[in-house]
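I have placed the structure first, in the form of structure tokens, so that the comments after it can refer back to it.
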Amino acid sequence: MKALPCPLVDVHLHLQDDFLAARLEEVVGLARAGGVEWFCSNGAEERDWPVVLAQARAHPEIVPCFGLHPWYVSERSPQWLEQLEWHLEAIPSAVGEIGLDRWKEPRDEAAQEEVFRAQLAVARRRELPVMIHCVRAWGWLMEVLRSEAALPAGFLLHAYGGPVELIQPLAEMGAYFSYGGSTLDERKKLRRETLPQIPRDRLLLETDAPDMPPPPAHCVRALQDAGGRRVNEPANLRPILQGVAALLGMEEEELAEQLWANSRRFLGRWLMART
Ligand SMILES: [Zn+2]
């Protein structure tokens, strides 16, 4: 494997996942051997937050993100917002994974929107970057973002699955767009169509590990949990970089440098705070 001219940042994953957490040293070590030096690890529900915090305290290369994901809004405790603020105060961190989702059933859209807006307000007040999940809810997301004041530290649309037409308006609001392993799947036509349209200075890459494993040919190894489910890991960011560079007609090194410049612009303060 060629050495890269700069570090890689996995801008969205979940190292608090039980399977990954049980082998954290190994998983992070293998990723670092491939050039991945930073990991934006997203808590998605309240019980994740102390785990994300403890892992980040033990590993300065983990950038912790705390958020309540739309799939888990119905399980929130009465103190959830207070708990969120406590974790954001405890360590330099970002807000995520938060968002809107019209895919998973059952869902409470009013609660999703209330929880999402409350977290946007926290991010705005604390001037923190936001990691956004949006599935089948693009019109709704645009409505909410347009009705809210700007987010001073910007936001990331993780695993961008929106249409081409929204790239420009979202970029004008300060969006970064991240792509993961599914982009390397030839059947993911929409992702392959939007990828080359993303302004190059707003593009980022992620694994979303343990979810969204790239096609097996683009994985560093065949990792499976006890139930036989394929498990994604941050080391796969390197083959994702290779595959995305090929789709964009770029050299791997050239894309890595562009991504590093983008990561520093978006997350520089958070990367530096931890070294
Ligand atoms: Zn995620």
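Start counting at 1 in the sequence shown, then tack on 903, and there's your number in our numbering.
Glycine residues also receive a C-beta, built at the ideal position from the N, C-alpha and C atoms.
None of the values given here were measured: they were computed from a predicted structure.
Where residue i sits in the DSSP three-state scheme
{"i": "M1034", "result": "strand"}
{"i": "A961", "result": "helix"}
{"i": "A1112", "result": "coil"}
{"i": "A997", "result": "strand"}
{"i": "A1078", "result": "strand"}
{"i": "L1069", "result": "helix"}
{"i": "L1093", "result": "helix"}
{"i": "L1107", "result": "strand"}
{"i": "I1101", "result": "coil"}
{"i": "D1011", "result": "coil"}
{"i": "W1175", "result": "A small correction: the amino acid at residue 1175 is Met; Trp does not occupy that position in the sequence shown. Here M1175 sits in helix by DSSP."}
{"i": "D951", "result": "helix"}
{"i": "M981", "result": "Correcting the residue identity first, residue 981 is Pro in this sequence and not Met. Reduced to three states, the DSSP call for P981 is coil."}
{"i": "G932", "result": "helix"}
{"i": "M1045", "result": "helix"}
{"i": "P1118", "result": "coil"}
{"i": "G1152", "result": "coil"}
{"i": "A1024", "result": "helix"}
{"i": "A1053", "result": "coil"}
{"i": "G1083", "result": "coil"}
8 angstroms CB neighbourhood of residue i in its chain, flanking five on each side removed
{"i": "D862", "result": "Because the chain is modelled from 904 through 1178, residue 862 falls outside the range shown and cannot be assessed."}
{"i": "R935", "result": "E964"}
{"i": "V1123", "result": "L933, G937, E1136, A1138, N1139, R1141 and P1142"}
{"i": "A849", "result": "With the chain covering 904 to 1178 only, the question about residue 849 has no answer from this structure."}
{"i": "E1155", "result": "K905, L907, L1144, Q1145 and A1148"}
Own chain, CB closer than 6 angstroms to residue i, minus 5 neighbours either side, in chain order
{"i": "V1018", "result": "L971 and V976"}
{"i": "W1043", "result": "L1003"}
{"i": "G1146", "result": "L1087 and H1121"}
{"i": "I1035", "result": "G1002, F1058 and L1060"}
Cβ shell of residue i (< 7 angstroms), same chain only, five flanking positions each side left out
{"i": "E1096", "result": "V1067"}
{"i": "E978", "result": "E948"}
{"i": "A1159", "result": "L907, P908, C909, L911 and L1144"}
Cross-strand partners of residue i (DSSP beta bridge)
{"i": "S944", "result": "L916 and P967"}
{"i": "Q1127", "result": "R1133"}
{"i": "G1002", "result": "H1036"}
{"i": "A925", "result": "Partner(s): none; A925 has no beta bridge."}
{"i": "Y1063", "result": "Beta-bridge pairing links Y1063 to no other residue."}
{"i": "V869", "result": "Coverage of the chain is limited to positions 904 through 1178, which leaves residue 869 absent and any answer about it impossible."}
{"i": "F1058", "result": "V1033 and A1078"}
Residue i, buried or exposed, once every other Cβ within 10 Å from all chains shown has been counted against 16
{"i": "A957", "result": "exposed"}
{"i": "Q1015", "result": "buried"}
{"i": "E1180", "result": "This structure cannot settle anything about residue 1180, because the visible part of the chain is limited to 904 through 1178."}
{"i": "E1183", "result": "No statement about residue 1183 is possible, as the shown extent of the chain runs from 904 to 1178 and does not include it."}
{"i": "G1171", "result": "exposed"}
{"i": "L1093", "result": "exposed"}
{"i": "Q919", "result": "buried"}
{"i": "P973", "result": "buried"}
{"i": "G1152", "result": "exposed"}
{"i": "M904", "result": "exposed"}
{"i": "D951", "result": "buried"}
{"i": "D997", "result": "A small correction: the amino acid at residue 997 is Ala; Asp does not occupy that position in the sequence shown. Buried, since its Cβ has 16 or more Cβ neighbours within 10 Å."}
{"i": "S1166", "result": "buried"}
{"i": "M1175", "result": "exposed"}
{"i": "Y1078", "result": "Residue identity differs from the one stated: residue 1078 is Ala in this sequence, not Tyr. It is buried - the Cβ of A1078 has at least 16 other Cβ atoms within 10 Å."}
{"i": "A1040", "result": "buried"}
{"i": "G1065", "result": "buried"}
Check: residue i C-beta below 7 angstroms from any heavy atom of ligand 3
{"i": "E948", "result": "Ligands in the displayed structure: ligand 1; ligand 3 is not one of them."}
8 angstroms Cβ cutoff, residue i in contact with chain C
{"i": "I994", "result": "Of the chains in the structure shown, none is chain C; there is only one protein chain."}
Any chance the region 1038-1052 sits against the region 982-998, with 3 or more Cβ pairs inside 8 angstroms? Counting Cβ pairs under 8 angstroms, fewer than three are found: no touch.
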